[in-house]
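*Asks:* Using UniProt numbering, read the sequence shown as starting at 1 and increasing by one per residue.
I'd like to ask some things about the structure below.
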Amino acid sequence: MGLISFTYENFYQSSPSLPKFILRAVDLTTLALYYHMSIGVRHLWHDFAVTSHIFQVQPFPML
1 MGLISFTYEN FYQSSPSLPK FILRAVDLTT LALYYHMSIG VRHLWHDFAV
51 TSHIFQVQPF PML
């Protein structure tokens, strides 16, 4: 593989642009935030026993 010439005019057209990279990073960060917030709400939902007693998990099942 040869050297990369930064004066080659098509180099900057083929390289990923910074605004697109920033947009993707923000999208992934937002997706992760929504995922973790929904998991937290689900845990709070189960902690306050809003669900039916059938679906509650017992910490130490009786043998």
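Quick reminder that beta carbons are idealized off the backbone N, C-alpha and C, glycines included.
Quick caveat: nothing in here was measured; it's all calculated off a predicted structure.
For residue 19 and residue 30, I'd like the C-alpha separation in whole angstroms.
*Replies:* Each residue's Cα considered, the two are about 16 Å apart.
*Asks:* In angstroms with no decimal places, state the Cα-to-Cα distance between residue 34 and residue 42.
*Replies:* Distance between the alpha carbons of residue 34 and residue 42: 12 Å.
*Asks:* Exposed or buried, what is residue 1 when buried is set at 16 or more other beta-carbons lying within 10 Å of its beta-carbon?
*Replies:* Reliability of the predicted coordinates at residue 1 is poor, the pLDDT of 48 falling under 50, and the value obtained from them is presented with this limitation in mind. The residue in question, residue 1, is exposed, as its Cβ has fewer than 16 Cβ neighbours within 10 Å.
*Asks:* Run the CB neighbour count on residue 38, radius 10 Å, all protein chains shown included, and call it buried at 16 or more, exposed below.
*Replies:* Its Cβ having fewer than 16 others within 10 Å, residue 38 is exposed.
*Asks:* Quick check on residue 48: does DSSP put it in helix, strand or coil?
*Replies:* It is coil, neither helix nor strand.
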